[in-house]
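K.L.:
Numbered according to this note's numbering, the sequence shown spans residues -7 to 139.
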Amino acid sequence: MSIQILQFFATLCAALFAGAALYINVVEHPARMGLQTLTAALQWAPSYKRATWLQAPLALISCVCGLAAWFQTGSVGWLIAALLVGAVVPFTFGLIMPTNHKLLAPDRDLSSKETRGLLIRWGRLHGVRTALSMIATLMYLWLLAHR
-7 MSIQILQFFA
3 TLCAALFAGA
13 ALYINVVEHP
23 ARMGLQTLTA
33 ALQWAPSYKR
43 ATWLQAPLAL
53 ISCVCGLAAW
63 FQTGSVGWLI
73 AALLVGAVVP
83 FTFGLIMPTN
93 HKLLAPDRDL
103 SSKETRGLLI
113 RWGRLHGVRT
123 ALSMIATLMY
133 LWLLAHR
């Protein structure tokens, strides 16, 4: 695969991930949190499940293409950007998934203060994913502009 195609897909997928993540943090989650806790939790579950199938592949494709671009060019910038966007995957498994599992527990009282706290925590943690992907996207764009 040509270097230009790898760089394009690394950048495109990072930008799409960042855009979706930003939308969730700026629009969807704040709107959700304006609802009663029970309703917010009921809306969060299907939204989370659908977003997973969009965002996970985008992060992985961006990371793999960015690593391949680094390998072909030797430019450490491609490596750093790829690792930043790729970091959302272990971050999700290590820090966000425990919160997700608690929110999805079948015996959870979805109207409780603890549930509201978990939703607030989830939003903050998701903000880290947004920041990582936005920084990676900006780095990729800068690298494209200065090649």
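The beta-carbon is built from N, C-alpha and C at its ideal position, and this holds for glycine as well. Bear in mind that the values here come from a model prediction, so they are computed numbers and not experimental data.
Assuming L76 contacts A128 (C-beta within less than 8 Å), just tell me the rounded distance between them.
P.N.:
In the sequence shown, the residue the question calls residue 76 occupies position 84. In the sequence shown, the residue the question calls residue 128 occupies position 136. That pair is a contact at about 4 Å.
K.L.:
Following the continuous alpha helix (DSSP H) through N92, name the residue where it begins and the one where it ends.
P.N.:
Here residue 92 corresponds to residue number 100 of the sequence shown, with the count starting at 1. It spans M89 to L96 - the alpha helix (DSSP H) in which N92 sits, taken as one unbroken run.
K.L.:
For A37, which option in G58, L95 and F0 has the closest C-alpha, if you only look at C-alpha atoms?
P.N.:
Here residue 37 refers to the residue found at position 45 when the sequence shown is read from its first residue. Taking only the C-alpha atoms, the option nearest A37 is L95.
K.L.:
Does the region 76 to 88 come into contact with the region 97 to 109, if we say contact requires no fewer than three beta-carbon pairs (one atom in each stretch) closer than 8 Å?
P.N.:
The region 76 to 88, when compared against the region 97 to 109, does not touch it at the 8 Å Cβ threshold.
K.L.:
Taking only the alpha-carbon atoms, compute the straight-line gap between G26 and R42 and give it to the nearest angstrom.
P.N.:
Along the sequence shown, read from residue 1 onward, the residue named residue 26 stands at position 34. Along the sequence shown, read from residue 1 onward, the residue named residue 42 stands at position 50. When rounded, the distance between both Cα atoms is 21 Å.
K.L.:
Which of the three DSSP states is assigned to R100 in this structure?
P.N.:
Against the sequence shown, residue 100 aligns to sequence position 108. Coil.
K.L.:
Going by C-alpha distance, which of W70, A60, V18 and L59 is nearest V120?
P.N.:
Locating residue 120 in the sequence shown gives position 128, counting from the first residue. The shortest Cα separation from V120 among W70, A60, V18 and L59 belongs to V18.
K.L.:
Inspect the beta-carbon positions of L50 and I88 and report whether they are closer than 8 Å.
P.N.:
On the sequence shown, position 58 is the one that residue 50 refers to. On the sequence shown, position 96 is the one that residue 88 refers to. Their beta carbons are not under 8 Å apart, which means L50 does not touch I88 by this criterion.
K.L.:
Using the Cα positions of A10 and P22, report the straight-line distance between them to the nearest angstrom.
P.N.:
Within the sequence shown, residue 10 is the residue found at index 18, counting from 1. Within the sequence shown, residue 22 is the residue found at index 30, counting from 1. When rounded, the distance between both Cα atoms is 17 Å.
K.L.:
Based on Cα-Cα distance, which residue from T122, A32 and L71 lies nearest to I16?
P.N.:
Your numbering for residue 16 matches position 24 in the sequence shown. Selected option, being the one with the closest Cα: T122.
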